[in-house]
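K.L.:
Submitted below is the structure of interest, expressed as structure tokens.
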DNA sequence: AAGTGGTCTAGACCACTAT
DNA sequence: TAGTGGTCTAGACCACTTT
């Protein structure tokens, strides 16, 4: 079984390595790769043509810039993650195995995984292995929620879905989702309560093209964390997000829903979440009641 | 000149290494350290007593936990930074020199500096060296300011100091500064405007004991970034901070100062800034006008 | 040309987890 | 006992900056 993977993986990396290796000293570099499964492939591929004859460029100025080996390995692992070769919560192959598969040293694979771990895409566990990060696990349940209670520890809120349906994307939502105005989107309005106190009122806008099979009924029936649903049923993981925060006053409708006086100051949080390839998949517009909670942020 | 540093440094590290090395396999570990200036010191120190006879413990349970070598090196470099052996903006010794000074490999020093760079305490510049981070430099001018204009690029605000004086710390400020209620603190109230539009109204509370020589006159005369003043004149660097964010309504006084209607929703940001040793040195309570600006945050 | 950080390899051993 | 990630060393060479 591993043997098959090795040859496939080796071929893939070969394409990548080409543009890098051909510009450095062949002799000395390959000296250090004695025994590498890549060695012969690299040499022979010098006689073949690349799919795109262009070397990797990073600055657009025409002067080619080359990424380090470990960055290329990182990209390969990233492809494995994106293609669901290894699923959320599962273990990826050990550093030694990946090193063998890609024909590089363990240290180079290690550095690639270091960066993936720093970006929270994978989680290392000493003695066990390296695992694909998941929104399902308890430890990353609150990964994107910065709202903390003034006293006590954070716990999961009660979810009330007020509305859910498919509709056509308004201009501002479309812009943030990087789709066209009028494209199909899934809309949801929900409220979250902590200890029975309504605290978060939010709209969710999901790219319709990505979550084609998501029915309104399914959403209405589901009470848990939305990111977990999207991950398990559509294989779409939220990897990073950006938030824009402002202070606003509660209008009549909002005040009524949250059970607050008109014009109560609220935190307005506009979040755009991204999956692999920096693809925007969700816009979330939330209103936080900051009487018993606050938005926490660490600066460094 | 370097020779003196080497011997001093070697002695210092010896103390640190002791509690670690004495618990691992002496024979095998030292095999890998042939030529190390530490080798003889370590061996001989087995016959001497430590200042405090206790090994490093990290969990208080009595079971000793040992930090990796690179963590100990990191601590040593940190001491050099904290003691102003290398000042903000200056270059610290090269990896090779530090390796020689501490009697470890370059790779170990490298890993220590990697972490310091990740924490923004130092900045690496290829081909030049590693430099102590500074709030004076243009690149880190906005390091702690997450308020961005809705349109255009961030630029430095105009500063208007409304009030500045020494007084005794109220209970809540004292708690956050980790000092005693009634201890001397420096208070400042100021307003910051972007393009003539009042946008930030904030109170600054500085620990009086740390900024003993800071006169109210000096603060009133100074118009630039406060963290730069504290860094240059008191050698106190702000390394990290935590912010608690809420939405509030402008009261009469605030509304008048900012030129806004009563009850305008504002972002309330409570920041506590820390220097070396996680020592709190400033509490900053700010009100942000989020009409033309927003608070930006990246999640991952 | 010399010095700095950046990358890569190879090999050893430690710490932790599971069987 | 075997397998995983974590630490440490040693040496080579690359990329960038300054002299």
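Chains as they are written, first to last, in the UniProt record's numbering: chain P, 1 to 300; chain E, 1 to 300.
Even glycine gets a Cβ: it sits at the ideal position worked out from N, Cα and C.
Remember, it's a predicted structure, so these values are computed and weren't measured experimentally.
Between the C-alpha atoms of residue 96 of chain P and residue 106 of chain P, what's the straight-line distance to the nearest angstrom?
P.N.:
Rounded to the nearest angstrom, the two C-alpha atoms are 6 Å apart.
K.L.:
Could you tell me the alpha carbon to alpha carbon distance between residue 263 of chain E and residue 262 of chain P, rounded to whole angstroms?
P.N.:
When rounded, the distance between both Cα atoms is 11 Å.
K.L.:
For residue 220 of chain P, count the other beta carbons within 10 Å of its own beta carbon; 16 or more makes it buried, fewer makes it exposed. Which is it?
P.N.:
Flag for residue 220 of chain P reads exposed.
K.L.:
Which chain P residues sit within Cβ distance under 9 Å of residue 248 of chain E?
P.N.:
Correct list: 247, 265 and 290.
K.L.:
Per DSSP, what kind of secondary structure is residue 66 of chain P in: helix, strand or coil?
P.N.:
Residue 66 of chain P: coil per DSSP, three-state reduction.
K.L.:
With 16 other CB atoms within 10 Å as the buried threshold, where does residue 108 of chain E fall?
P.N.:
Residue 108 of chain E comes out buried.
K.L.:
By Cβ distance below 6 Å, which residues in the same chain neighbour residue 24 of chain P in space, the five residues on each side in sequence not counted?
P.N.:
In this prediction, residue 24 of chain P scores a pLDDT of 33, lower than 50, which makes its location untrustworthy; no coordinate-derived value is stated.
K.L.:
For the candidate residues E:84, E:233, E:296 and E:188, whose alpha-carbon lies nearest to that of residue 216 of chain E?
P.N.:
Considering only alpha carbons, the answer is E:188.
K.L.:
Please list, in chain order, the chain P residues whose beta carbon lies closer than 8 Å to that of residue 67 of chain E.
P.N.:
The contacting residues do not exist; residue 67 of chain E stays about 15 Å from chain P at best.
K.L.:
Inspect the beta-carbon positions of residue 272 of chain P and residue 210 of chain P and report whether they are closer than 8 Å.
P.N.:
No, they are not a contact pair.
K.L.:
Given 8 Å as the limit, is there contact between the segment 173-185 of chain P and the segment 145-161 of chain P, that is, 3 or more CB pairs closer than that?
P.N.:
Contact fails: fewer than three Cβ-Cβ distances are below 8 Å.
K.L.:
Let's test the definition: count the other Cβ atoms within 10 Å of the Cβ of residue 155 of chain P and tell me whether it reaches 16, buried, or not, exposed.
P.N.:
Residue 155 of chain P should be labelled exposed.
K.L.:
For chain E, find out if any of its Cβ atoms is closer than 8 Å to the Cβ of residue 294 of chain P; answer yes or no.
P.N.:
For residue 294 of chain P, the answer is yes, since a Cβ of chain E falls inside 8 Å of its Cβ.
K.L.:
Over the uninterrupted alpha helix (DSSP H) stretch that includes residue 173 of chain P, give me the two end residues.
P.N.:
171-177 is the span of the alpha helix (DSSP H), which, as asked, contains residue 173 of chain P.
K.L.:
Counting only C-beta atoms, is residue 299 of chain P closer than 8 Å to chain E at any point?
P.N.:
By this cut-off, residue 299 of chain P is an interface position.
K.L.:
Can you tell me which residues form a DSSP beta bridge with residue 123 of chain P?
P.N.:
According to DSSP, which records beta bridges pairwise, residue 123 of chain P is partnered with P:131.
K.L.:
Answer yes or no: does any C-beta atom of chain P fall closer than 8 Å to that of residue 131 of chain E?
P.N.:
Chain P, which has no Cβ nearer than 8 Å to the Cβ of residue 131 of chain E, makes this no.
K.L.:
Can you confirm whether the segment 115-125 of chain E touches the segment 155-168 of chain E when touching is taken to mean that 3 or more C-beta pairs between the two stretches lie within less than 8 Å?
P.N.:
These segments do not touch.
K.L.:
At the level of alpha carbons, what is the spacing between residue 206 of chain E and residue 243 of chain P?
P.N.:
If you take the alpha carbons of residue 206 of chain E and residue 243 of chain P, they lie about 30 Å apart.
K.L.:
Using a Cβ-Cβ distance under 8 Å, would residue 203 of chain E count as near chain P?
P.N.:
Cβ-Cβ to chain P under 8 Å: no for residue 203 of chain E.
K.L.:
Could you work out which residues of chain P lie near residue 240 of chain E, taking near to mean beta carbons separated by less than 8 Å?
P.N.:
Within chain P, the residues near residue 240 of chain E are 298, 299 and 300.
K.L.:
Contact check, residue 132 of chain E vs residue 190 of chain E under 8 Å by CB: the rounded distance?
P.N.:
So it is not a contact: roughly 28 Å between Cβ atoms.
K.L.:
Using DSSP with H/G/I as helix, E/B as strand and the rest coil, what is residue 74 of chain P?
P.N.:
If DSSP states are grouped into helix, strand and coil, residue 74 of chain P belongs with the helices.
K.L.:
Tell me which same chain residues have a C-beta within less than 7 Å of the C-beta of residue 174 of chain E, skipping the five on either side of it?
P.N.:
So the qualifying residues of the chain are 180, 181 and 183.
K.L.:
Does the Cβ-Cβ distance between residue 150 of chain P and residue 294 of chain P come in under 8 Å?
P.N.:
Yes.
K.L.:
What residues match up with residue 86 of chain P in a beta bridge as DSSP calls it?
P.N.:
According to DSSP, residue 86 of chain P bridges with nothing at all.
K.L.:
Using the DSSP secondary-structure output, state which residues sit across from residue 149 of chain P in a beta bridge.
P.N.:
Looking at the DSSP assignment, residue 149 of chain P forms a beta bridge with P:293.
K.L.:
Could you tell me whether the segment 132-142 of chain P touches the segment 282-293 of chain P, where touching means 3 or more Cβ pairs closer than 8 Å?
P.N.:
No contact exists between the segment 132-142 of chain P and the segment 282-293 of chain P.
K.L.:
For residue 40 of chain P, I'd like the list of residues in its chain whose CB is within less than 6 Å of its CB, leaving aside the five on either flank, ordered along the chain.
P.N.:
Per-residue confidence for residue 40 of chain P stands at a pLDDT of 26, beneath the threshold of 50, marking its modelled position as unreliable; the derived number appears in the next sentence. Closer than 6 Å at Cβ, skipping near neighbours: no residue.
K.L.:
Would you say residue 144 of chain P lies against chain E (beta-carbon separation less than 8 Å)?
P.N.:
Interface residue, yes.
K.L.:
Determine the burial state of residue 91 of chain P: buried for a count of at least 16 other Cβ atoms within 10 Å of its Cβ, exposed for fewer.
P.N.:
Flag for residue 91 of chain P reads exposed.
K.L.:
Pick helix, strand or coil for residue 236 of chain P, following the three-state DSSP scheme.
P.N.:
In the structure shown, residue 236 of chain P sits in coil (DSSP, three-state: anything other than H, G, I, E or B).
K.L.:
Rounded to the nearest angstrom, what separates residue 199 of chain P and residue 251 of chain P at their Cα positions?
P.N.:
So the alpha carbons of these two residues sit roughly 15 Å apart.
K.L.:
Which runs of the beta strand (DSSP E) fall wholly inside the segment 209-270 of chain P and span at least 3 residues, in chain order?
P.N.:
Runs found: 240-249.
K.L.:
Could you round the C-beta distance between residue 241 of chain P and residue 274 of chain P to whole angstroms and report it? I think they count as a contact, below 8 Å.
P.N.:
Residue 241 of chain P to residue 274 of chain P, Cβ: 7 Å. Contact.
K.L.:
How would you list, in chain order, the residues of chain P whose beta-carbon sits under 7 Å from the beta-carbon of residue 243 of chain E?
P.N.:
Result: 297 and 299.
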